[in-house]
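What follows is a set of notes on a single structure, which appears directly below.
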Amino acid sequence: MKALGYARSIFNTKWMTRDYLTNGWLFFIREEALTIFILSVIMWVIDTVTGRDTCCKLLHLVLIVLIRRVMVGGICNSTKRLDGQTVVITGCNVGIGKETARALSQRGAKIIMACRNTKTAEKTALEISNVTGRELVVMKLDLASLSSIRAFAADLKKKESKIHILINNAGVMMCPFMKTEDGFEMQMGTNHLGHFLLTNLLLPLLSHGQPARIINVSSLASARGVIPFDDMNYEKGYNKVQAYGNSKLANVLFTRQLAKRLKGTSIQVFALHPGAVQSNLGRHFMGMWSASKLVTLFIKTTAEGAQTTIFCALEACQQEPHYFSDCAPGYVVSAAQDDEVAEKLWKVSEKMVGL
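Below, the structure written as structure tokens:
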């Protein structure tokens, strides 16, 4: 029953039809949660019906290889170096943030790991440094606390005169209703408001590091989002799936408005969809499905999920609508291109975080 509840919340047939017609079947298969579930069921049926004899095991293997080739998506093959550049990445102690830190460290960048769990981050920093031979600096940052964000920014300004790339990677996904230290709903507070404040506080350092880049890790879930201006903290009711989509739409609208405000500078701004990825981010959502090994066949590894972030850090060129998926310009719905809503969200966000 719990799984059926998730399905009803996520599988919007109107959107999925538009998704297929607009982007084609390969995009649809990779990105729609429903197809992940269907493919898992198909593989289970094959196992059950065939009894796993040798011939069917070979067929099973061939299907797995073919499906994995489809699911991987875009790969960043850039050979660009980042020697002498400083990169700040939020939430990079695990998951795609960790893989992003590893990839950019290998290209010569100094990595500032802005993480809430500094103990895990220190282990990750040592692990990456042992391979790349580069400096990784761990700094405490809790995006669910405005005071922590301000303290981090002030500390960073004492240590660094400029930064070249800011990757707003950290986030929470479909968690039960809870509030941040400052009383914001956790998903909107962490995924959008926390990064909104952080980015604004770090703009002087990014300005000194021009040409610079700001990268906001969003999600395809933004297509199902709306900005609840009349109830930003969900006091009237809470749906964790919808709230996640709303926070991810806020990421895209923030990106759009920020790019508009930075026009004429050499600071480029990007939002991106990493794909469906095997990570701890979905721990509140996957539930019983996460226990199935079959599901992992149809979603990206963390290294694969980091590819579009890496591409935006190295090669992407700023263009409308400032949104990338699978290392290429992505499709965004009209709600994510509404400049009036983007400007209103900016003003509301400024007021909420005290800018």
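Residue numbers for the sequence shown follow the numbering used here, beginning at 1 and rising by one. All C-beta atoms in this analysis are idealised placements derived from N, C-alpha and C, irrespective of residue type, glycine included.
Nearest residue (CA-CA) to residue i, options the options
i: SER218; options: TYR331, THR120, VAL137; result: TYR331
i: VAL88; options: GLY275, GLY264, ALA153, LEU193; result: ALA153
i: LYS260; options: GLN210, HIS273, ALA212, HIS322; result: HIS322
i: GLU99; options: LYS240, ALA212, ILE310; result: ILE310
i: LYS347; options: LEU203, ALA101, LEU197, ALA243; result: LEU197
i: ASP155; options: ASN251, LEU201, LYS344, ALA223; result: LEU201
i: ASN233; options: ALA114, LEU193, MET113; result: LEU193
i: ILE167; options: GLY73, GLU160, GLY91; result: GLY91
i: THR79; options: PHE324, ALA313, PRO274; result: ALA313
i: PRO274; options: ASN251, SER247, CYS327, THR255; result: CYS327
i: THR190; options: ALA121, GLN257, SER247; result: SER247
i: GLY305; options: ASN93, ALA109, GLY97, GLU127; result: GLY97
i: VAL252; options: LEU272, LYS159, GLY264, GLY133; result: LEU272
i: VAL131; options: ALA151, LYS157, LEU104; result: LEU104
i: GLU127; options: ALA101, GLN257, SER222, ASP231; result: ALA101
For residue i, the residue or residues it bridges with in DSSP
i: LEU166; result: VAL88, ILE214
i: PHE324; result: LEU272, PRO329
i: LYS179; result: GLU185
i: LYS300; result: VAL277
i: MET352; result: Beta-bridge pairing links MET352 to no other residue.
i: LYS110; result: THR86
i: CYS115; result: LYS140
i: ILE128; result: Beta-bridge pairing links ILE128 to no other residue.
Cβ-based neighbour list, residue i, same chain, cut-off 6 Å, excluding 5 preceding and 5 following
i: ASP338; result: none
i: PHE229; result: none
i: HIS164; result: GLN85, THR86, GLY209, ALA212
i: TRP25; result: At TRP25 the pLDDT is 49, less than 50, meaning the model places this residue with poor confidence and gives no usable figure here.
i: ALA276; result: ILE299
i: ARG107; result: ARG81, LEU82
Contact set for residue i: own chain, Cβ-Cβ below 7 Å, skip 5 residues either direction
i: MET186; result: ALA144, VAL172, CYS175, MET178, LYS179, THR180
i: GLN319; result: PRO329
i: THR118; result: VAL138, LYS140
i: ALA121; result: ASN93, MET113, CYS115, VAL138
Sequence-distant residues of its chain with Cβ nearer than 8 Å to residue i (five each side left out)
i: CYS317; result: GLN268
i: ILE149; result: LEU141, ASP142, LEU143, GLY194, LEU197, LEU198, LEU201
i: TYR238; result: PHE177, GLU185
i: PHE270; result: ARG213, ILE214, ILE215, ASN216, THR255, CYS312, ALA316, GLN318, HIS322, TYR323, PHE324
i: VAL341; result: ILE227, LEU253, ALA335
Check whether the segment 207-214 and the segment 237-248 are in contact - that is, three or more C-beta pairs closer than 8 Å. They do not touch, by the three-pair rule.
Whole runs of the alpha helix (DSSP H) within the segment 240-271, excluding any shorter than 4 residues: Complete alpha helix (DSSP H) runs here, min 4: 240-261.
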